[in-house]
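Encoded as structure tokens, the structure appears first; notes follow it.
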Amino acid sequence: MAPTAVRAGAFVHHLQLQSPRPEKLAAFYGDAMQMSVEKLADGRWHCAGPQRQVLIAQGQARGFDFSAFACRDADGLAELRARAKSERLDPAAAPSPLLDQAFSVRDPDGNGVVFGLARETREGRGLRGPLQHVTLATFDVQRIEDFYAGKLGFLVSDRVVNDKGGIATSFMRSNHEHHTLACFLSSRQGLDHHSYEAGEWNVIRDWADHFAARDIRLMWGPGRHGPGNNLFVFIEDPDGNWIEVSAELEVIRDRPVKHWPHGERTLNLWGNAIMRS
Ligand SMILES: [Fe+2]
Numbered sequence: 000m001a002p003t004a005v006r007a008g009a010f011v012h013h014l015q016l017q018s019p020r021p022e023k024l025a026a027f028y029g030d031a032m033q034m035s036v037e038k039l040a041d042g043r044w045h046c047a048g049p050q051r052q053v054l055i056a057q058g059q060a061r062g063f064d065f066s067a068f069a070c071r072d073a074d075g076l077a078e079l080r081a082r083a084k085s086e087r088l089d090p091a092a093a094p095s096p097l098l099d100q101a102f103s104v105r106d107p108d109g110n111g112v113v114f115g116l117a118r119e120t121r122e123g124r125g126l127r128g129p130l131q132h133v134t135l136a137t138f139d140v141q142r143i144e145d146f147y148a149g150k151l152g153f154l155v156s157d158r159v160v161n162d163k164g165g166i167a168t169s170f171m172r173s174n175h176e177h178h179t180l181a182c183f184l185s186s187r188q189g190l191d192h193h194s195y196e197a198g199e200w201n202v203i204r205d206w207a208d209h210f211a212a213r214d215i216r217l218m219w220g221p222g223r224h225g226p227g228n229n230l231f232v233f234i235e236d237p238d239g240n241w242i243e244v245s246a247e248l249e250v251i252r253d254r255p256v257k258h259w260p261h262g263e264r265t266l267n268l269w270g271n272a273i274m275r276s
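Counting from 0, one number per residue, gives the positions in the sequence shown under numbering that gives the first Met the number 0.
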């Protein structure tokens, strides 16, 4: 199967969350994630910082509408659209004003996925942290993997496999970064977390200082993931969405898929295993 999404060099451009109090959530992203905040004419809130954007619509807490990927160029986008058509995914008009020539499809859990072309935008200032990956929660990781890898041409980088041989986690990429989309086995469906890539450890330190100054506590980490080998901290927004700031994420040129045992090995800075609560 052709790696169409990888050939298109797709990267996470933005995502849309739902919230019962979108204005309050947007203000949190504005302050915590160093974004400007603007109410759009259709009532959605648009939060934008340097290489990071989030849309927030009225809805339920932790509701998730879509992730939106930008392709490297128009040819890559056209190939992806043709692939979506040939896979009978019924590409439709995109529900986002932030990408050009965009189309959207739905994954088997009902999560929207948008592909389009990024346009030049005036970027704000702030700590380094481009939006980098989206991680879904699902009852059936294989089904989600079959959709993104099998139908859209993401490539699987790593899987976490449980004792019975079932897939607990799948990490998939749409460019050279270890994962731009991941999926966790869960008792719920939707968004597990989204992540910003700070690049290097010192910048995570600066983000952690920035969070501490706002009394935003770290929910998990600092630590280093096994799959992807990235350093991380996690915080939580007022609706309960988890936000990751990551660094040193593995870059993959070409290598076989790796399988990791269940109970992801995550080390804290002192070498002790730490598990997410
Ligand atoms: Fe992550």
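The beta-carbon is built from N, C-alpha and C at its ideal position, and this holds for glycine as well.
- For H192, the shortest separation between its Cβ and any heavy atom of ligand 1 lies below 7 Å.
- Taken atom to atom, the span from the alpha-carbon of K84 to that of R105 is near 13 Å.
- With respect to Q52, L97 sits close: the two C-beta atoms are nearer than 8 Å.
- The continuous stretches of beta strand (DSSP E) do not include A1, and DSSP gives it neither H nor E.
- In the DSSP assignment, F102 is bridged to A92 and F114.
- As a beta-bridge residue in DSSP terms, W259 pairs with V159.
- With at least 16 other beta carbons inside 10 angstroms of its own, S66 counts as buried.
- CA-CA distance, A56 to L130, rounds to 19 Å.
- By the Cβ-count criterion, M0 is exposed, with fewer than 16 other Cβ atoms from all chains shown falling within 10 Å of its own Cβ.
- Between ligand 1 and H177, a heavy atom-to-CB distance of less than 7 Å is absent.
- For I215, the three-state secondary structure derived from DSSP is coil.
- Counting of Cβ neighbours within 10 angstroms places Q100 among the exposed residues, the total staying below 16.
- Residue D145 holds the alpha-carbon nearest to the alpha-carbon of C182 among D145, A207 and R216.
- In this structure, DSSP gives I143 a helical state, which the three-state scheme calls helix.
- Following the DSSP letters along the chain, one finds R172 inside the beta strand (DSSP E) bounded by residues I166 to R172.
- S169 and I143 do touch by the CB rule: their CB atoms are close to 7 Å apart, below 8 Å.
- Just so you know, the alpha carbons of R80 and L116 end up roughly 12 Å apart.
- Distances taken from the Cβ of E243 to the heavy atoms of ligand 1 include one shorter than 7 Å.
- DSSP places P21 in the helix class (H, G or I) of the three-state scheme.
- In the structure shown, R80 adopts helical secondary structure according to DSSP, grouped into three states.
- If you compare the alpha carbons of L151, D108, V244 and A136 with that of G8, the shortest gap goes to L151.
- Secondary structure within the stretch 181-258: the beta strand (DSSP E) runs of 3 or more consecutive residues, fully enclosed, are 189-198, 219-223, 230-235 and 241-246 (chain order).
- Judged by the Cβ position, A136 fails to qualify as a neighbour of ligand 1 at the 7 Å threshold, every heavy atom of the ligand being at least this far.
- Using a C-beta cut-off of 8 Å, the stretch 252-262 makes contact with the stretch 154-165, since at least three inter-stretch Cβ pairs fall below that distance.
- With contacts defined as CB atoms closer than 8 Å, Q15 and S103 fail to qualify as a contacting pair.
- Our two residues, G222 and H178, have alpha carbons roughly 18 Å apart in a direct line.
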